[in-house]
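See structure below.
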Amino acid sequence: MYKPADISSYDVIRTIKRSFGKKLGKIGHFGTLDPFACGVLLVGVGGAARLNEYIHEMPKTYLAVGRLGEETETGDFTAPVSQKDTSPYLEQTIAKMDIEFIQKQLQEKFLGDYYQAPHKYSAAKHEGKKLLEWAREGVEIKKEKKLRHIYELEVVSYEFPLLTIRVKVSSGTYIRTLFSECANHLGTIGSLVSLEREAVGHHHINDSLRKDQWPNGAEWDYKKFGIPPEKTLLLPRVVFAPKEAKLVANGVQLKLDRALESEESESLLYWAYDSENNLIGLIKKVDGEWRVQVNFS
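When we follow this note's numbering, the leftmost residue of the sequence shown carries the number 2, and every step to the right adds one.
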């Protein structure tokens with residue numbers, strides 16, 4: 002789905018539930034987008050909702066537009082400016098930097114492994130409550146920095162004070178925190194003006210359902226628009242003969258040599274099929290055995 006700005010990720014789920022009720026079983030989204038942000042929101046329907054922990058690990062690509070020289074409490078301009086950079090350095094030096102220089106500085110600093118703590122106005126949780134909920138109550142929770150990874154960082158445009166960057170990052174990376182740290186590295190402060198999630202793994206905004214394509218009643222053909230699990234996670238295949246397929250469908254662990262055939266891969270996760278090409282579920286190589294992780298039978 003393509004989530005517009007100014008609605009919550011769960012508002013998208015409510016739209017589907019209003020159309021179908023309990024007909025589709027469990028429905029959930031994979032990776033929250035803040036209300037002010039827009040872009041790709043993957044939604045799992047029925048058994049696919051159980052793939053959350055695997056899809057959540059896909060890298061995500063964002064287009065972020067931020068303003069240098071101003072900062073807000075939330076890291077975006079849904080809140081009033083709380084701090085302004087009035088130093089001569091901002092106008093005399095940062096304003097005159099070119100794209101190539103900025104990109105080189107930011108790539109050298111941030112590409113690769115990157116430690117980051119969640120923003121205080123984020124959906125990360127402390128004692129079962131979101132940090133943003135604590136912050137709104139006047140309590141700032143500081144969590145430890147965690148290892149993230151920046152795969153790509155490109156400066157798309159720079160028209161001072163607006164800086165636009167495109168980043169491909171590992172799961173759990175907070176872009177407004179990253180943008181703030183980019184601004185700090187350049188010698189100033191900054192907050193996001195807009196944020197668009199362009200992709201989750203290989204799922205791109207060009208393939209997303211815009212609001213006019215969203216469910217508007219139970220006659221909406223979700224199978225026409227939906228993506229089969231095996232095309233959501235691109236993984237190798239393992240095939241089982243009828244007897245073994247039945248065991249796998251019942252969650253029984255099998256030795257690796259009990260498979261009829263399997264693709265060579267360094268991946269530990271595989272899609273399991275029976276000999277008639279029916280998808281059984283998601284299976285994993287563990288200590289010389291096949292162990293079912295998600296069962297669709």
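We put the CB at the ideal spot given by N, CA and C, even for glycine.
Less than 7 Å separates the beta-carbon of Glu74 from that of Ala80. Taking every protein chain shown into account, the CB of Ser181 has 16 or more other CB atoms within 10 angstroms, so this residue is buried. The segment 44 to 60 makes contact with the segment 222 to 239: 3 or more CB pairs, one atom from each, lie closer than 8 Å. Burial is judged here by how many other beta carbons sit within 10 angstroms of a residue's own beta carbon; Phe241 has at least 16 and is buried. Runs of beta strand (DSSP E) with 3 or more residues, each lying fully within the segment 197 to 243, are found at 238 to 241, listed in chain order. For Glu182, no beta strand (DSSP E) run applies; the uninterrupted alpha helix (DSSP H) run containing it begins and ends at Ile176 to Leu187, by DSSP. The C-alpha of Pro162 lies about 7 Å from the C-alpha of Ala96. For Asn53, same chain residues with a beta-carbon under 6 Å away, outside a window of 5 residues either side, are Phe31 in chain order. Per the DSSP secondary-structure output, Ser263 pairs in a beta bridge with Val239. Asn251 sits in coil when the DSSP states are folded into three classes, being neither helix nor strand.
Cβ contact annotation for Leu34 (same chain, cutoff 7 Å, sequence separation greater than five): Lys4, Ser10, Gly40, Leu42 and Arg198, in chain order.
Exposed is the label assigned to Glu145, since fewer than 16 other Cβ atoms lie within 10 Å of its Cβ. Under the three-state reduction of DSSP output, Ile190 falls in the coil class, being neither helix nor strand. For Ser172, the three-state secondary structure derived from DSSP is coil. Comparing C-alpha distances from Gln84 to each of Gln93, Leu69, Arg167 and Met98 shows the shortest one belongs to Leu69. Looking at the DSSP output, Asp12 sits in no beta bridge, so it has no partner there. Fewer than three pairs of CB atoms, one per stretch, sit closer than 8 Å, so the segment 208 to 217 makes no contact with the segment 244 to 263. Ser158 is bridged by DSSP to Thr165. In the assembly as shown, Gln117 is a buried residue. Its beta-carbon has 16 or more other beta-carbons within 10 Å. With 16 or more other Cβ atoms inside 10 Å of its own Cβ, Tyr274 counts as buried. DSSP places Asp258 within a helical segment (H, G or I) once states are collapsed to three. For the pair Ile151 and Tyr115, the CB atoms are nearer than the 7 Å cut-off. Shown here, Gly282 sits in a strand according to DSSP, grouped into three states. In this structure, the straight-line span from the alpha carbon of Val239 to that of Ile228 is close to 20 Å.
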